[in-house]
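Chains as they are written, first to last, in this note's numbering: chain A, 1 to 53; chain B, 1001 to 1714. Input: a single structure, listed below in structure tokens.
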Amino acid sequence: MKFSNYLEQIGGVSIYPIISLIVFVAFFAGVLIWIYNIDKKEIEHMENLPLND
Amino acid sequence: MQLERFSYDNTISRMFAIATITWGAVGMLLGVIAAFQLAFPVLNFSEYFPHLAFGRLRPVHTNAVIFAFVGNGIFTAVYYALPRLLKAPMWSRRLGLIHFWGWQSIIVLAALTLLMGFTTGKEYAELEWPIDILITLIWVVFGINMMGTILKRRERHLYVAIWFFLASWVTVAMLHIVNSFEMPVSLMKSYSWYAGVQDALVQWWYGHNAVAFFLTTPYLGLMYYFLPKAAGRPIYSYRLSIVHFWSLIFIYIWAGPHHLLYTALPDWAQSLGTVFSIMLILPSWGGMLNGLFTLRGAWDRVREDPVLKFFVVAVTCYGMATFEGPMMSLKNVNAISHYSDWTIAHVHIGALGWNGFLTFGMMYWLFPKMFNTPLYSRKLAGTHFWIGTLGIILYAIPMYWSAFRSYFMMKAFTPEGQLEYQFMDVVQTVMPFYVMRALGGTIYLVGVVLMIYNLWKTAKAGNFLKEEFVEVPATIAETSGPKDKFWHRVIERKPVMLLVLSLIVVGIGGLVEMVPTFLVKSNIPTIESVKPYTPLELHGRDIYLRDGCYNCHSQMIRPFRHEVVRYGEYSKAGEFVYDHPFQWGSKRTGPDLARIGGKYPDSWHFHHMYDPTSMAPGSIMPSYPYLFDSKIPVNTTASKIHAMRKMGVPYPDGYESQANEDLKVQAEQIAASLKNDKIEIAADREIIALIAYLQRLGTDIRATDIGAKEGSVQ
């Protein structure tokens, strides 16, 4: 049985793929923006954590 | 600034390290024995030791390597790295000891019960319900100890390795609990709560993510700590490691259905598995490159340092396996790889290369540190490295070869439209590859023995540092920027937030796959002629589970011409609605059994179980002579029926009291049919129940009934 069969029975189903696309893009965009904005000093501190014990 | 003096306790890391090596050697030895059993079936010795036949030994091997070897490896790394990264001792030494001894008792109980035939029949989740509960408790102890340490830390930031440890902990907890829902029948017997297609979906959601969150993410944490340590330089890109973490845990959880391509699982769930598997290449390779690039400008040291050698090959194997996995998730490639030795090769690139070599590298680094002495012999470690690498190659190549050879033979048709080869022809042609694989495994094990000797000598030569004293600035409140209490609280909550966020991220994937499969009725079309198993068949099915038949036989015919011609009409989702647990299998060392019912007379099965080669010359199946002596445990019939009805199998009310009567009647019929073929056997023997079960398989629907209803073969 094809998935489209079940999808057709849901009201307003056309919004679902758009929502999932937005969730995905937002998630990864969020991660990328976040790491771009981390302070360089903080990154340096964190990446040296295993070496400073 | 005020300095605080405290110490890191090495004793528990040492205990876990010793356990890792010990169980590693045991697990691998069992693997080598199982490999030789496949090549030389006489080694099953099933006339004398029914407990050691392949079907029971293989789950002990897989469980030992995954949960005993890699499990203890994870704990070694956590108990060593976590305090050092957080500048605080482990929260509770007592919990650490409970964790250690609890986990080791689980391993011993697991090995004993599996060999005794107590199994749920779900791969990598075979342990019975009391052990499942014990695992949950010990896992919680581990979690409390880890979170306690994190909350008591002196370092404000959580290094990325800790994220991997935390996400692994919370996800494994979720997977284990959801997949272990089972209905107890007796102290050591239960049935999976789910049935058929749903059970398959939950099981492979679990199975795939056991690979992801037990064998991969905690070991990535290990890589992110020990690789920079050994290389003496920070990770190539810390930013990349953050992307690696979030994208990996976000995507991994969705990929489980790629283990069920071309099966009776709904198409949409299969496609979901494929899409997410392909996406997984990106974070996985990002992580691999992050590991390898850490060594930029230090490659000269890789030539000298055995630790780095092991790490480089481990990370390379991670890259190979995480490229191969997505490729195997493409339906056209999966058509070749599924049920074949390709899967076996794939997992061993991961287990021997990634997990094994990363563990060995860690041990060669850790022992000299903990015993405060140089490694006994770098040269011997180098030899181990080359022997191990050779072992992996000699293991994997024959398996790949065998997989392709089997595939082309299986699907070969004569010009007249007949199958060109019998199943037995294929079995015979791969035998040399099985011998080579067993030798490859043996060589790898020899390397491990060298390591044990080397580490033993190192430990002997040095003095064990029970505690390592350090002095660091007092608390995170003082080291952090804003000093008011609000920020302190926010920071303290961060790890909990991380834990919750990880759980949400991994929860979404599971929900999207499972909820529709469970709630949308039309996903599992019911078939009217499919009826519950009779009491005798139910006993037979439990024997099938007990002896691990699913380790070599599938019960799932894919919609391919060669499979339909060889095994019969392809399998339908509705046929498995009473299968607690499902038995689709994942490997065809023997033929598929989904429609074995009625294919041969009862006497054929009788002789075949006593001596497989008498009916199928060249067979590598173990014989099961004890089935002819042991009696069907009829005293358990009522509780089995009761448990099944509670899970929704429609046995009539009060059927418990009548079940054994029906069982007797059916058993007498089979005994009578055997008598017609001049075989005398009492009707109360286990072989009768097993024959009843096998003769039932796939007979609920007849090929003629289905074609019109379900559409044609793809």
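C-beta atoms are modelled at their ideal positions from N, C-alpha and C, and glycine is treated no differently.
If we define contact as Cβ-Cβ less than 9 Å, is residue i a contact residue for chain A?
i                       : result
residue 1003 of chain B : no
residue 1596 of chain B : no
residue 1255 of chain B : no
residue 1246 of chain B : yes
residue 1250 of chain B : yes
residue 1068 of chain B : no
residue 973 of chain B  : The displayed coordinates of chain B run from 1001 to 1714. Any statement about residue 973 of chain B would go beyond what the structure contains.
residue 1326 of chain B : no
residue 1232 of chain B : yes
residue 1500 of chain B : no
residue 1557 of chain B : no
residue 1016 of chain B : no
residue 1645 of chain B : no
residue 1243 of chain B : yes
residue 1570 of chain B : no
residue 1434 of chain B : no
For residue i, which of helix, strand or coil comes out of DSSP?
i                       : result
residue 1577 of chain B : coil
residue 1622 of chain B : coil
residue 1686 of chain B : helix
residue 1464 of chain B : coil
residue 1674 of chain B : helix
residue 1592 of chain B : coil
residue 1472 of chain B : strand
residue 1411 of chain B : coil
residue 1211 of chain B : helix
residue 1419 of chain B : strand
residue 1004 of chain B : strand
residue 1661 of chain B : helix
residue 39 of chain A   : coil
residue 1710 of chain B : Interpretation of residue 1710 of chain B is limited by its pLDDT of 46, a score under 50 that renders its predicted location unreliable; no figure is taken from the coordinates.
residue 1505 of chain B : helix
residue 1571 of chain B : coil
Check whether chain B comes within 9 Å of residue i, counting only Cβ atoms and requiring the distance to be less than that.
i                     : result
residue 21 of chain A : no
residue 31 of chain A : yes
residue 17 of chain A : no
residue 34 of chain A : yes
Expressed to the nearest angstrom, what Euclidean distance is found between the alpha-carbon atoms of residue i and residue j?
i                       : j                       : result
residue 1691 of chain B : residue 1519 of chain B : 35 Å
residue 1424 of chain B : residue 1191 of chain B : 33 Å
residue 1647 of chain B : residue 1270 of chain B : 26 Å
residue 1594 of chain B : residue 1036 of chain B : 27 Å
residue 1682 of chain B : residue 1547 of chain B : 21 Å
residue 1185 of chain B : residue 1011 of chain B : 41 Å
residue 1030 of chain B : residue 1329 of chain B : 29 Å
residue 32 of chain A   : residue 43 of chain A   : 14 Å
residue 1181 of chain B : residue 1274 of chain B : 27 Å
residue 1325 of chain B : residue 1277 of chain B : 7 Å
residue 1291 of chain B : residue 1244 of chain B : 11 Å
residue 1320 of chain B : residue 1349 of chain B : 8 Å
residue 1147 of chain B : residue 1404 of chain B : 48 Å
residue 1717 of chain B : residue 1272 of chain B : The structure shown does not extend to residue 1717 of chain B, since chain B spans only 1001 to 1714, so no value can be given for it.
residue 983 of chain B  : residue 1596 of chain B : Because chain B is modelled from 1001 through 1714, residue 983 of chain B falls outside the range shown and cannot be assessed.
residue 1267 of chain B : residue 1500 of chain B : 32 Å
Compute every distance between the C-beta of residue i and the non-hydrogen atoms of the ligand FAD, then say whether any falls below 8 Å.
i                       : result
residue 1686 of chain B : The ligand FAD is absent from the structure shown, which contains no ligands of any kind.
Inset, instruction - Report yes or no: do the stretch 1548 to 1565 of chain B and the stretch 1511 to 1519 of chain B share at least 3 C-beta pairs separated by less than 8 Å? - result: Contact fails between the stretch 1548 to 1565 of chain B and the stretch 1511 to 1519 of chain B, because fewer than three Cβ pairs, one in each stretch, are under 8 Å apart.
Inset, instruction - May I ask you to verify whether the stretch 1626 to 1639 of chain B touches the stretch 1649 to 1665 of chain B, counting CB pairs closer than 8 Å and requiring at least 3? - result: Verdict: yes, contact present.
Inset, instruction - Decide yes or no for the touch test of the stretch 1252 to 1272 of chain B against the stretch 1195 to 1214 of chain B: beta carbon pairs closer than 8 Å, at least 3 of them. - result: Three or more Cβ pairs closer than 8 Å define a contact, and the stretch 1252 to 1272 of chain B meets that threshold against the stretch 1195 to 1214 of chain B.
Legend entry - Contact the stretch 1338 to 1349 of chain B vs the stretch 1379 to 1390 of chain B: 3+ CB pairs below 8 Å: By the Cβ test, the stretch 1338 to 1349 of chain B is not in contact with the stretch 1379 to 1390 of chain B, since fewer than three Cβ pairs between them sit closer than 8 Å.
Inset, instruction - Answer yes if the stretch 1155 to 1175 of chain B comes into contact with the stretch 1223 to 1238 of chain B, meaning at least three C-beta pairs across the two stretches below 8 Å, and no otherwise. - result: Counting C-beta pairs with one atom in each stretch, the stretch 1223 to 1238 of chain B and the stretch 1155 to 1175 of chain B have three or more that are closer than 8 Å, which means they touch.
Inset, instruction - Answer yes if the stretch 1353 to 1371 of chain B comes into contact with the stretch 1071 to 1079 of chain B, meaning at least three C-beta pairs across the two stretches below 8 Å, and no otherwise. - result: With three or more CB-CB distances shorter than 8 Å, the stretch 1071 to 1079 of chain B counts as touching the stretch 1353 to 1371 of chain B.
Legend entry - Given 8 Å, three or more beta-carbon pairs between the stretch 1398 to 1409 of chain B and the stretch 1012 to 1023 of chain B: Output reads no: the stretch 1012 to 1023 of chain B does not touch the stretch 1398 to 1409 of chain B.
Inset, instruction - For the stretch 1140 to 1166 of chain B, enumerate the residues whose C-beta is nearer than 8 Å to any C-beta of chain A, in chain order. - result: The residues in question are 1155, 1157, 1159, 1160 and 1161.
Inset, instruction - Check whether the stretch 1567 to 1585 of chain B touches the stretch 1616 to 1626 of chain B, counting contact only when three or more Cβ pairs, one atom from each stretch, lie closer than 8 Å. - result: Remark: fewer than three beta-carbon pairs, one from each stretch, lie closer than 8 Å, so the stretch 1567 to 1585 of chain B and the stretch 1616 to 1626 of chain B are not flagged as touching.
Legend entry - Meets three-Cβ-pair contact criterion under 8 Å: the stretch 1600 to 1616 of chain B and the stretch 1667 to 1679 of chain B: Result yes; three or more Cβ-Cβ pairs closer than 8 Å.
Legend entry - Near-chain A residues of the stretch 1067 to 1096 of chain B - C-beta to any C-beta below 8 Å: Of all residues in the stretch 1067 to 1096 of chain B, 1081, 1084, 1085 and 1087 have a Cβ within less than 8 Å of some Cβ in chain A.
Legend entry - Where the stretch 1296 to 1318 of chain B meets chain A: residues whose CB sits under 8 Å from a CB there: So the list is empty, because no residue satisfies the distance condition.
Legend entry - the stretch 1458 to 1468 of chain B in contact with the stretch 1365 to 1380 of chain B per 3-pair CB rule at 8 Å: The answer is yes - the stretch 1365 to 1380 of chain B touches the stretch 1458 to 1468 of chain B, with three or more Cβ pairs under 8 Å.
Inset, instruction - With 9 Å as the C-beta to C-beta threshold (strictly closer), list the residues of the stretch 34 to 49 of chain A near chain B in chain order. - result: When C-beta distances to chain B are compared with 9 Å, the residues of the stretch 34 to 49 of chain A below that value are 34, 35, 36, 38, 42, 43, 44, 45, 46, 47, 48 and 49, in chain order.
Legend entry - Sufficient close CB pairs (3 or more, under 8 Å) joining the stretch 1092 to 1100 of chain B to the stretch 1135 to 1152 of chain B: Taking one beta carbon from each stretch, the stretch 1092 to 1100 of chain B and the stretch 1135 to 1152 of chain B have 3 or more pairs nearer than 8 Å; the two touch.
Legend entry - Cβ pair count under 8 Å reaching 3, the stretch 1126 to 1140 of chain B against the stretch 1096 to 1111 of chain B: They touch, by the three-pair rule.
Legend entry - Three CB pairs or more closer than 8 Å across the stretch 1049 to 1057 of chain B and the stretch 1531 to 1549 of chain B: A contact exists between the stretch 1049 to 1057 of chain B and the stretch 1531 to 1549 of chain B.
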